[in-house]
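As structure tokens, the structure follows; a few thoughts come after it.
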Ligand SMILES: [Zn+2]
Ligand SMILES: [Zn+2]
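Residue numbers (my numbering): 1499 to 1942.
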């Protein structure tokens, strides 16, 4: 009995010690973040002012590379487009991969910030204004701040960190290129994979969790509906692809409601119809551009199969020969759905609860938008991955918007302006706490 008591008190002391260390660690994180706040803000402004389009993030990658190398990380290049990894090996322990994206969007910035972007990018020989309208500049600044903290706190953890900087998230090209690159395969296999995405409506300090499916698999398909063109006044001599397209668009709406099990989610959107020139000519063809969103592979298979069955059979019913059935072009832009590992989610939640209090952990519903962070999670089921939503709004701004009924500019809009001075240090502190926790208590 006495022995048991002795063991129990020893255990209690150990827990108290661990708790004390943990608090001391977080104080140290806070100190490092405070000391580097100027560097973080300046870096953010620079990244925000000079955004670059997907696959063209040359100066952005160069800036990140120079900065993170100066913290003692080794650079692994040639991961496709401008992507690279910065690695810190720090003894035996778990391997954690942490990813940022780097690309801006073809959006003309309409904020009144003194460092608003005036950048112009070129894509397919066309010029576009460019803006960090998805907040990837916040992700990069968080990534740099976290890299700095982990380098300075090397004595507090053991293992390997892979800080991944990824090109072309917005066009769903970057992650696929990375995982198929020879150099990426030379990196140690991660035990955990993490990323954050800013959230336009969450408050600074709030972290949004969505266990299991968080974002959708994305497919883009162009479908050519053929017909037999002729005079608009003699439809009996034609097969009208405009009428056929109208029937097709209406009919495929039944796939979600009639072909998918009712509890499964899916979206079929026809975003463009291109066909015909004038009112009195029936054209030869119409091109439809669709996006398909699903969570499960089964739903995706059902939708793809039904799109073809309906298209082929409507064309046959209209009298078209087998050689003029619709053409279905799946674009090379498909990405899988984002699946957040619930056990890893629990570890992160427990850590944030301990650090910030339960009020800061927010449950977010799944969305049908896409994120190619999913590609890393899908390469092997055995790597737990999680992408967190991070708040970007100060309490004052949120209160003001509610009081005055002012809409907060959403992601991908020209007025999106996160409260960077508050959210970047907060993100760095939270992710540093998460990393230290995973290295010290979660790597087993
Ligand atoms: Zn985006
Ligand atoms: Zn984004």
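From the three backbone atoms N, C-alpha and C, an ideal C-beta is built for every residue, glycine too.
If you compare alpha carbons, which of 1689, 1855, 1796 and 1928 is closest to residue 1880? From the listed residues 1689, 1855, 1796 and 1928, the smallest Cα separation to residue 1880 is found for 1689.
Is the separation between the beta-carbon of residue 1597 and that of residue 1693 shorter than 8 Å? Yes, these two residues count as a Cβ contact at 8 Å.
Quick check: does the Cβ of residue 1668 come within less than 7 Å of any heavy atom belonging to ligand 1? Ligand 1 has a heavy atom closer than 7 Å to the beta-carbon of residue 1668.
Cα-Cα, which of 1585, 1917 and 1815 is closest to residue 1595? Taking residue 1595 as reference, the option from 1585, 1917 and 1815 with the minimal CA-CA separation is 1585.
Selection from 1917, 1612, 1606 and 1760 that minimises the alpha carbon distance to residue 1630: Selected option, being the one with the closest Cα: 1606.
Length of the line joining the Cα atoms of residue 1608 and residue 1523: Straight through space, the alpha carbons of residue 1523 and residue 1608 are spaced by roughly 41 Å.
Same chain, Cβ closer than 7 Å to residue 1804, five either side skipped, listed in chain order: Excluding sequence neighbours, residue 1804 sits near 1753 and 1757.
I want to check one thing, is the minimum distance from the CB of residue 1695 to the heavy atoms of ligand 2 below 7 Å? Relative to ligand 2, the nearest heavy atom lies less than 7 Å away from the CB of residue 1695.
What's the gap between the Cα of residue 1687 and the Cα of residue 1927? Their Cα atoms are separated by approximately 25 Å.
Within the present structure, is the beta-carbon of residue 1637 separated from the nearest heavy atom of ligand 1 by less than 7 Å? In this structure, residue 1637 has its beta carbon at no less than 7 Å from each heavy atom of ligand 1.
Are the CB atoms of residue 1556 and residue 1580 within a distance shorter than 8 Å? Cβ atoms of residue 1580 and residue 1556: closer than 8 Å.
Any idea what DSSP makes of residue 1571, helix, strand or coil? Residue state, collapsed to three classes: coil.
Rounded separation between residue 1816 and residue 1825 - CA only: When rounded, the distance between both Cα atoms is 16 Å.
Residue 1929 classed as buried or exposed, judged by whether at least 16 other C-beta atoms fall within 10 angstroms: Result: buried.
Local conformation of residue 1758 per DSSP, three classes: When DSSP states are grouped into helix, strand and coil, residue 1758 belongs to the coil group.
Is it buried or exposed for residue 1639, if we count other Cβ within 10 angstroms and need 16 for buried? Around the Cβ of residue 1639, a 10 Å sphere holds 16 or more other Cβ atoms; the residue is buried.
On the CB-based measure, 16 or more other CB atoms within 10 Å of its CB, does residue 1668 come out buried or exposed? By the neighbour-count rule (16 or more Cβ atoms within 10 Å), residue 1668 is buried.
Using CA coordinates, which residue listed in 1909, 1811, 1940 and 1897 is at the minimum distance from residue 1698? Ranking 1909, 1811, 1940 and 1897 by Cα distance to residue 1698 puts 1909 first.
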